[in-house]
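S.K.: Next up is a structure, given as structure tokens.
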Amino acid sequence: DIRSKKCIDRFQNQDGTITSFLSESSKFTAVAAESGVVNLYNHDKTPSLLFQKARAPIKSIMNLHTSVDHMRFNPTGDILAISSQREKDSLKLVHTPTQT
């Protein structure tokens, strides 16, 4: 929270790599790792720090083999676009309601 200058939630990459990109919609948060894995999380009302437990992703997308450079939800939050500049033609579109 910027106003209180306190961390209200944390996300951890399950493969232990560094986070390369973060994107958020009204329903989901997507966290990309340097390994190319993108974890998709639901928004809850309760931050995980209140219970001191790690938040589990609802879906891990593992189709890119290089670090994610850009990631963005469309305005309605139904499509997540993931891309990497390190590989030619590397673009992945994910339908977030079905996670496919």
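For what it's worth, the numbering used here labels the leading residue of the sequence shown as 239, then goes sequentially.
For each residue, glycine too, the CB sits at the ideal point set by N, CA and C.
Note that the coordinates shown come from a computational prediction; the quantities given were computed from them, not determined experimentally.
#1: Look at V306 and S258 and say whether their C-beta atoms are less than 7 Å apart.
#2: For I320, does the three-state DSSP call read helix, strand or coil?
#3: Give me, in chain order, the residues of the same chain whose beta-carbon lies closer than 6 Å to that of I296; leave out the 5 immediate sequence neighbours on both sides.
#4: Quick test of your reading: M309 and V276, contact by CB under 8 Å. State the CB separation rounded to the nearest angstrom.
#5: Out of curiosity, what's the CA-to-CA distance linking T336 and S242?
M.R.: Let me spell this out:
#1: Reading the sequence shown from its first residue, position 68 is the one you call residue 306. Reading the sequence shown from its first residue, position 20 is the one you call residue 258. Yes, Cβ-Cβ distance for V306 and S258 is below 7 Å.
#2: Counted from its first residue, the sequence shown places residue 320 at position 82. In the structure shown, I320 falls within a strand segment according to DSSP collapsed to helix, strand and coil.
#3: Translated into the one-based positions of the sequence shown, residue 296 becomes position 58. Within the same chain, I296 has close Cβ partners L278 and N280.
#4: Within the sequence shown, the letter at position 71 stands for residue 309. Within the sequence shown, the letter at position 38 stands for residue 276. Contact holds; Cβ gap of about 7 Å.
#5: Stepping through the sequence shown from its first residue, residue 336 is reached at position 98. Stepping through the sequence shown from its first residue, residue 242 is reached at position 4. Their backbone Cα atoms lie some 35 Å apart in a straight line.
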